[in-house]
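Just so you know, the protein sequences line up as chains A and B, in that order. Under this note's numbering, residues 1 to 371 are what the first sequence spells out, in order. Under this note's numbering, residues 372 to 461 are what the second sequence spells out, in order.
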Amino acid sequence: MRKLLPLIILLFLQILTYAQDASTATKTSPGSNKFVVYGNAEMSFMSNSDSKGFGEVNFKPIFLWRISPKLFVEAEAEIETGEGSVNLGLEYANMNYMVNQYLTLHAGRFLPKFGAYRGRLAEGFLNRFPSNPAGFGDGGIGASVETGFGALGALPFGSMKVLYDVYVVNGSHLLTDTANAGQFDYEAYIPNNKTMAVGGRIALVPFAKSNLEVGFSYQNKSGTGDLGTVNEKVSLSMQAVDLNYFENIKPIKSTLRITGEYRHQKVGDNAVYLKADGETQYSFANSPSAWYLSGSIRPSLVDSKFFRNLEIAYRYSNYQRPKDAPWGGSNLTSNEYALDYWLHWNSLLKIAYQVKDQEPSTFYASVVFGF
Amino acid sequence: MKKLITYIVIIAIFITGGTALTGCYVSSKVANKSGAQLWGENCNRCHNAPGPGEFNNDNWDIIGTHMQIRANLTKTEVDKITEFLKSANN
Numbered sequence: 001m002r003k004l005l006p007l008i009i010l011l012f013l014q015i016l017t018y019a020q021d022a023s024t025a026t027k028t029s030p031g032s033n034k035f036v037v038y039g040n041a042e043m044s045f046m047s048n049s050d051s052k053g054f055g056e057v058n059f060k061p062i063f064l065w066r067i068s069p070k071l072f073v074e075a076e077a078e079i080e081t082g083e084g085s086v087n088l089g090l091e092y093a094n095m096n097y098m099v100n101q102y103l104t105l106h107a108g109r110f111l112p113k114f115g116a117y118r119g120r121l122a123e124g125f126l127n128r129f130p131s132n133p134a135g136f137g138d139g140g141i142g143a144s145v146e147t148g149f150g151a152l153g154a155l156p157f158g159s160m161k162v163l164y165d166v167y168v169v170n171g172s173h174l175l176t177d178t179a180n181a182g183q184f185d186y187e188a189y190i191p192n193n194k195t196m197a198v199g200g201r202i203a204l205v206p207f208a209k210s211n212l213e214v215g216f217s218y219q220n221k222s223g224t225g226d227l228g229t230v231n232e233k234v235s236l237s238m239q240a241v242d243l244n245y246f247e248n249i250k251p252i253k254s255t256l257r258i259t260g261e262y263r264h265q266k267v268g269d270n271a272v273y274l275k276a277d278g279e280t281q282y283s284f285a286n287s288p289s290a291w292y293l294s295g296s297i298r299p300s301l302v303d304s305k306f307f308r309n310l311e312i313a314y315r316y317s318n319y320q321r322p323k324d325a326p327w328g329g330s331n332l333t334s335n336e337y338a339l340d341y342w343l344h345w346n347s348l349l350k351i352a353y354q355v356k357d358q359e360p361s362t363f364y365a366s367v368v369f370g371f
Numbered sequence: 372m373k374k375l376i377t378y379i380v381i382i383a384i385f386i387t388g389g390t391a392l393t394g395c396y397v398s399s400k401v402a403n404k405s406g407a408q409l410w411g412e413n414c415n416r417c418h419n420a421p422g423p424g425e426f427n428n429d430n431w432d433i434i435g436t437h438m439q440i441r442a443n444l445t446k447t448e449v450d451k452i453t454e455f456l457k458s459a460n461n
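Next comes the structure, spelled out in C-alpha cells:
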C-alpha cells in the first residue's frame, strides 16, 4: 500500500488542477429549481399451471438534486411487494462531483457498471419483458448494488468514444446457509470482513452515430466470507461482456434493437460448506455463467399511431449453474416472446410468454409507468 | 488485489493526465454535430428519447446531469443536447 501512496497523491493533485478549471461549468440560474422526483411504478400479472393472479406491485421513486453544476445527488428507493410483504430498499444514494468534461468522482451506494443489464437495461421501461433473463434476476449471478467510491467518464477519440468506470467497494458476501451455499449477497449494506472489491468497466462506442456500445466489466474481491470464518479468504472474480445496438431501418420503417450480455464468475476453491445435518463438510467447483441475447422491432416510422406504438421482442437466455451446488444443477435456458404497447416514451404495457426449463410455461403481463 | 489497485490508479493517472495535457481529440465531424443530432443518436440508445417539450428548462438540466453519469456522456454532449431540448420551451 505504501508504494501506492505517491501514485494516489499524484492522482489527487491532477484532479485538483482540474477542479480549478470551472470554465466548462454552466451556471445554475438564481432561483432555479434544483430538485425533482422521477421514477417508475409497475404492476404485473402472471398465469401458469401452478398459479395465477396479480403479482408484484413496485414503486421506485428517484430523487435528484443538482446542487450546483458540479455537485449532484441521486437516490432511488424501492418499495416492492413481490415477496408477499412490503419491502423497502435503498437502491442507490450516490453523491457525484463533476470534476471536468471527462471525469466524475462519486461516493455512496450506487449501481456499479457491471455489464449493462442490471441497473440500466433491466429498468422498468428499458426492459421489453416483464421478467429477467435466466441467471440475471433473483438467484442469478454478477455484481448488483455496491457501497464505496468510484470514478467515471467518457473520452472521445476521433469519431469514437471510450467510456470508463472504476470503483472500490465493499463487494459481495459469500452465503453459507444450506440452501444458498456458494451464492452471494450482491446488495449488502455493510461490510462482512476487511477486504474490499475493486472493479471497473471499459466500453467502446465505436461508431460516430453512437448506436453501438460494447462493454467489458471486471470485479475482484480476495475475501468474501464473514470475518473469522473458514471462508473469510474465499475469493470472487467476475467478468461481463455487454452489447447494446439500435438502428432505424428506413425501408421497413422500423427501429431494431439488439442487446446482449455474458457474465461469468469464479469462486475460490478453498470454500467449505456444511450439509443440512450441520456436520458433514463439502465443497464444489463454483464458476457459473449466464448470457442472454435479445432483439426487438418497433415500426416507429410508420404513419399509423397504433402500429407505431407496438413493439415485438424475443429473448434467449442460458444459465450454467455449478452442478453440485444446492442451488445448482443442469443448464437453464429460457425463451421469451413479448408484445409491448407504448403509451408514452417511458410507459408501456408488456405481454409476454416464457418457456423456461424446470418451470411451467408462463404468461406474464405488466404495466410500467415512468414518471 | 494490490496489483489491481495499482493498475487502476495508473490507468486513472493516464486518463486524467492525458486529457489534461492534450484535451481529447475529437474529429470535426463529431465536433460539428448539432444538439438535435446528438439527442437522436445518444438518447435513443437505451430507451426511447424523451422529446423537446417534455420537461421544463430546470428539469432538463437535472436530467442531463443524471444521464451524464448513468450513460457516461461528456459534458459537451449533454450541454448541446439540453440546449436543443430546452429550445422548445423558449
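Heads up, the beta-carbon is just placed ideally off N, CA and C, and yes, glycines get one too.
Just the C-alpha distance for Thr176 of chain A and Ala290 of chain A, rounded to the nearest angstrom, thanks.
22 Å
Report task. Determine the chain A residues that contact Asn433 of chain B at a beta-carbon separation under 7 Å, and present them in chain order. Result -> One point to set straight first is that residue 433 of chain B is Ile, not Asn, in the sequence displayed. Correct list: Val36, Leu64 and Arg66.
Considering Arg128 of chain A, what are the terminal residues of the beta strand (DSSP E) in which it resides? That residue, Arg128 of chain A, is in no beta strand (DSSP E); it is neither H nor E in DSSP.
Margin query: Give the list of continuous beta strand (DSSP E) stretches no shorter than 3 residues that lie fully inside the stretch 184-220 of chain A.
Written below: 197-205
Fill in: Classification of Ala22 of chain A by the beta-carbon crowding that lies within 10 angstroms, buried from 16 upward
With a pLDDT of 43 at Ala22 of chain A, under the threshold of 50, the modelled position of this residue cannot be trusted; read the value that follows with caution. Looking at its Cβ environment, which holds fewer than 16 other Cβ atoms inside 10 Å, Ala22 of chain A is exposed.
Checklist line | For Ser296 of chain A, three-class secondary structure by DSSP | finding: strand
Helix, strand or coil for Asn427 of chain B per DSSP?
coil
Please work out which residues of its chain come closer than 7 Å, Cβ to Cβ, to Thr24 of chain A, disregarding the five sequence neighbours upstream and downstream, and give them in chain order. With a pLDDT of 44 at Thr24 of chain A, under the threshold of 50, the predicted position of this residue should be treated as unreliable, though the coordinate-derived value follows. Once the five neighbours on either side are set aside, the close Cβ partners of Thr24 of chain A are Asn100 and Gln101.
Is it right to say Asn427 of chain B is buried, meaning 16 or more other beta carbons lie within 10 angstroms of its own, or is it exposed?
exposed
Does the stretch 269-285 of chain A come into contact with the stretch 301-318 of chain A, if we say contact requires no fewer than three beta-carbon pairs (one atom in each stretch) closer than 8 Å?
no
Is the stretch 185-203 of chain A in contact with the stretch 167-174 of chain A, if contact means three or more CB pairs nearer than 8 Å?
yes
query = Between Tyr92 of chain A and the rest of its own chain, which residues show a CB-CB distance below 6 Å, the 5 nearest in sequence each way excluded?
reply = Glu76, Arg109, Phe110 and Leu111
inquiry  = For Ile440 of chain B and Lys446 of chain B, I'd like the C-alpha separation in whole angstroms.
reply    = 10 Å
Would you say Pro61 of chain A faces chain B, with C-beta separation under 9 Å as the test? no
Where Asp340 of chain A falls: helix, strand or coil (DSSP): strand
Return the CA-CA distance between Ser331 of chain A and Ser217 of chain A, expressed in angstroms with no decimal places. According to the sequence as given, residue 331 of chain A is Asn; it is not Ser. Cα to Cα, Asn331 of chain A sits roughly 23 Å from Ser217 of chain A.
Alpha carbon to alpha carbon, how far is Asn211 of chain A from Asn244 of chain A? 8 Å
Endpoints, the alpha helix (DSSP H) within which Thr473 of chain B is located
Because chain B here runs from 372 to 461, residue 473 of chain B falls outside it and cannot be looked at.
**Prompt:** So, does the CB of Leu256 of chain A fall closer than 9 Å to a CB anywhere in chain B?
**Reply:** no
- Does the beta carbon of Gly424 of chain B come closer than 9 Å to any beta carbon on chain A? no
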